[in-house]
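Q: Going by the numbering used here, the first residue of the sequence shown is number 4, and it counts up by one from there. Think of the CB as a built atom: it goes at the ideal place given N, C-alpha and C, for glycine as much as any other residue. Have a look at this one.
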Amino acid sequence: KHGARDFFTNNMDSMAKAYESTTRSISLMLSLIGSIALMVGGVGVMNIMLVSVTERTREIGIRMAVGARRADIARQFLAEAVAICLIGGAAGVALALLSGTVFSAFVKEWHMVFTPGSIALAFLCSTLVGVLFGLMPARKGSQLNPSEALSRD
Numbered sequence: 004k005h006g007a008r009d010f011f012t013n014n015m016d017s018m019a020k021a022y023e024s025t026t027r028s029i030s031l032m033l034s035l036i037g038s039i040a041l042m043v044g045g046v047g048v049m050n051i052m053l054v055s056v057t058e059r060t061r062e063i064g065i066r067m068a069v070g071a072r073r074a075d076i077a078r079q080f081l082a083e084a085v086a087i088c089l090i091g092g093a094a095g096v097a098l099a100l101l102s103g104t105v106f107s108a109f110v111k112e113w114h115m116v117f118t119p120g121s122i123a124l125a126f127l128c129s130t131l132v133g134v135l136f137g138l139m140p141a142r143k144g145s146q147l148n149p150s151e152a153l154s155r156d
């Protein structure tokens with residue numbers, strides 16, 4: 004009569020679709036935020052490793068002068084980058100477990116679920132970030148000329 008509906012109906016199918024759409028949007032946004040955080044963390048690790056290569060130029064030169072191969076130097080810096088990322092991954096998992104438990108204690112309707120697979124995925128991502136962002140510093144360290152590295156001070 005007045006242009007407004009007097010009543011409306013919802014069926015469970017439309018409500019389920021709306022819930023699924025909202026959940027998908029939130030999941031996508033959280034994935035995007037997580038990806039950005041991984042990139043920022045990876046760039047931070049790369050910068051730390053580049054500084055490490057620069058500060059340890061003389062050490063690299065000495066190691067190469069006594070027989071270390073370029074692959075040995077690269078492997079060392081890659082291992083260090085992965086170790087840094089795994090420590091960060093362990094701290095992240097511990098913080099997630101702690102905050103999830105605290106959150107669940109306050110919000111009784113929501114239960115945080117942590118599966119061994121999700122924890123393994125977190126460590127896998129940490130390892131991949133370490134390898135990918137450690138490649139450039141490892142390559143830079145392994146490409147140093149031993150005589151130039153020893154002459155720097």
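Could you pull the start and end residues of the alpha helix (DSSP H) that F136 belongs to?
A: Translated into positions along the sequence shown, residue 136 becomes position 133. Note, F136: alpha helix (DSSP H), 119-145.
Q: When the Cα of M49 is compared with those of K143, I36, P119, which residue comes out closest?
A: On the sequence shown, residue 49 is found 46 positions in, with the first residue counted as 1. The residue with the shortest Cα to Cα distance from M49 is K143.
Q: Let's test the definition: count the other Cβ atoms within 10 Å of the Cβ of S34 and tell me whether it reaches 16, buried, or not, exposed.
A: Translated into positions along the sequence shown, residue 34 becomes position 31. Its Cβ having fewer than 16 others within 10 Å, S34 is exposed.
Q: Considering only the beta carbon of each residue, do C88 and S121 sit closer than 7 Å?
A: Here the question's residue 88 lines up with position 85 in the sequence shown. Here the question's residue 121 lines up with position 118 in the sequence shown. Cβ atoms of C88 and S121: not closer than 7 Å.
Q: Does M32 come out as helix, strand or coil in the three-state DSSP assignment?
A: For the purposes of this step, residue 32 is taken as residue 29 along the sequence shown, with counting starting at 1. Three-state DSSP puts M32 in a helix.
Q: Is DSSP giving G95 helix, strand or coil here?
A: Residue 95 sits at position 92 when you count from the first residue of the sequence shown. Looking at G95 - three-state DSSP - the assignment turns out to be helix.
Q: By Cβ distance, which residues of its chain are closer than 8 Å to F117, with the 5 residues on each side in sequence left out?
A: Counting from one through the sequence shown, the residue named residue 117 turns up at place 114. Excluding residues within five positions, the ones whose Cβ falls inside 8 Å are A99, L100, G103.
Q: Is DSSP giving T12 helix, strand or coil here?
A: As a first step, residue 12 must be located in the sequence shown, where it is residue number 9. Residue state, collapsed to three classes: coil.
Q: Starting from the C-beta of A74, find all residues in its chain whose C-beta is less than 8 Å away, skip the five residues before and the five after it, and write them out in chain order.
A: Looking up residue 74 in the sequence shown gives position 71. Here the set comprises S145.
Q: What are the start and end residues of the alpha helix (DSSP H) that includes G64?
A: Counting from 1 along the sequence shown, the entry for residue 64 is found at position 61. Here the alpha helix (DSSP H) through G64 covers 60-68.
Q: Please confirm whether V56 and P140 have their CB atoms less than 7 Å apart.
A: By 1-based counting over the sequence shown, the position of residue 56 is 53. By 1-based counting over the sequence shown, the position of residue 140 is 137. In contact: V56 and P140 (Cβ atoms closer than 7 Å).
Q: Provide the residue span of the alpha helix (DSSP H) that contains E151, from first to last.
A: Numbered from its first residue, the sequence shown carries residue 151 at position 148. Where E151 is concerned, the enclosing alpha helix (DSSP H) stretches over 149-154.
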